[in-house]
Structures are given as C-alpha cells and as structure tokens.
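**Student:**
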Amino acid sequence: MNRSDGGRDTYREFTEAVNMKPGELSTWLETDESKHVGWRKKGTKGGESVGHESGRKIIELLRRKRDQLSEGDYKHMRKVVGYVRRHMAQRPSGDVRETRWRFSLMNWGHDPLKAPLPPPGGPSRRALERRGTPPKARRGPGR
1 MNRSDGGRDT YREFTEAVNM KPGELSTWLE TDESKHVGWR KKGTKGGESV GHESGRKIIE
61 LLRRKRDQLS EGDYKHMRKV VGYVRRHMAQ RPSGDVRETR WRFSLMNWGH DPLKAPLPPP
121 GGPSRRALER RGTPPKARRG PGR
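Each residue of the sequence shown is one higher than the last, beginning at 1 in my numbering.
#1: Figure out for me which residue from L61, K75, E71 and M88 has the closest Cα to the Cα of L105.
#2: Run through the region 16-47 for me and flag every whole alpha helix (DSSP H) of 4 or more residues, listed as ranges in chain order.
#3: Once DSSP output is grouped into helix, strand and coil, what is the label at S54?
#4: Could you have a look at W101 and say whether DSSP puts it in helix, strand or coil?
#5: Roughly how many angstroms lie between the CA atoms of Q90 and V84, to the nearest whole one?
#6: Measuring only from the beta carbon, is R64 closer than 7 Å to any heavy atom that is part of the ligand GTP?
#7: Counting Cβ pairs closer than 8 Å, one from the region 64-77 and one from the region 24-32, do we hit at least three?
#8: Report the rounded CA-to-CA distance for R8 versus V80, giving the unit in angstroms.
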C-alpha cells in the first residue's frame with residue numbers, strides 16, 4: 001500500500017475490479033461451475049482452486065469497513081486487481097457467457113458481462129458512466 005494515499009488507490013481499483021456484490025459472489029461460489037474452474041495449488045488434488053479461495057476472501061473484504069482493513073487485506077486487493085486486469089486482457093472471441101474464462105473471473109468477483117473494467121490509473125467506473133466510454137483508440141486491448 002502506498003503510504004501517501006492511505007490505500008485509497010488500491011481500494012478504488014479493487015472496488016472497480018470487483019463488480020459483484022457479496023451475496024451475489026457467495027451464491028456464485030456455491031455453483032458447480034465455480035467449483036470446477038481455476039488453478040489448484042500443487043499437492044491439493046481435488047481441493048479448492050486459488051480463485052475460489054480468493055472469492056471467499058473477497059466477500060470478507062467487501063463486508064468490512066475500510067478502516068478495518070489490514071496491510072494483508074490491501075495486498076490481497078492488489079492481487080485481485082492484477083488478476084482481473086490480466087485475465088480481461090485474455091478475453092476470448094465470441095460469446096463468453098458460458099465459458100471457463102468468465103467463470104474463473106467471477107470466482108475473483110468480476111463478472112465481465114456487467115461492465116467494462118476502467119483502465120488502470122484512469123477514471124473510475126462511475127466517471128465512465130457519467131461521461132461515456134473513451135473512444136476505442138484510447139482503450140486497452142480487449143476493451
């Protein structure tokens with residue numbers, strides 16, 4: 001966490017990347033689709049995927065007040081933002097509604113069918129909604 005911003009930028013980017021509400025994410029994590037996607041740590045045959053475990057942590061983070069967040073919480077928030085941005089850049093062509101790509105992202109709290117992800121360090125999702133999406137030439141890959 002950048003000490004000068006008090007985690008403000010990390011928190012903003014996290015809340016922009018995670019576009020699912022805690023109850024919605026909790027319900028999703030109970031589905032078979034959620035449980036069957038993602039990478040599993042070595043030596044954990046049939047265990048929980050890293051993304052599924054992250055989804056449970058994300059629910060906890062979303063339900064906490066900002067002043068209750070620890071340095072470890074901010075570290076996980078940065079991990080979530082990084083994952084969502086990298087995964088969004090790998091968007092497959094065609095309809096993604098029933099793809100492992102989308103299901104994996106949803107385990108990390110981001111449903112790509114809901115809204116575009118704002119560019120890093122750029123205007124917030126709310127600002128994009130107020131002013132509109134930037135021209136295609138100014139957007140990153142796959143956006």
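The C-beta atom is built at its ideal place from N, Cα and C for all residues, glycine as well. Given the structure is predicted, the values throughout are model-derived calculations rather than measurements.
**Tutor:** Quick answer:
#1: Locating residue 105 in the sequence shown gives position 105, where the first residue counts as 1. The candidate whose alpha carbon is nearest that of L105 is M88.
#2: With a minimum length of 4 residues, the continuous alpha helix (DSSP H) runs that stay inside the region 16-47 are 22-29 and 32-35.
#3: As a position in the sequence shown, residue 54 is number 54, starting the count at 1. Here S54 sits in helix by DSSP.
#4: Within the sequence shown, numbered from 1, the residue matching residue 101 stands at position 101. In the three-state DSSP reduction, W101 falls in the helix class (H, G or I).
#5: Stepping through the sequence shown from its first residue, residue 90 is reached at position 90. Stepping through the sequence shown from its first residue, residue 84 is reached at position 84. Cα to Cα, the separation comes out at about 10 Å.
#6: Only the bare structure without any ligand can be found here, which leaves the ligand GTP out of the picture.
#7: At 8 Å Cβ cutoff, the stretches do not touch.
#8: Translated into positions along the sequence shown, residue 8 becomes position 8. Translated into positions along the sequence shown, residue 80 becomes position 80. Taking the straight line joining both Cα atoms gives about 15 Å.
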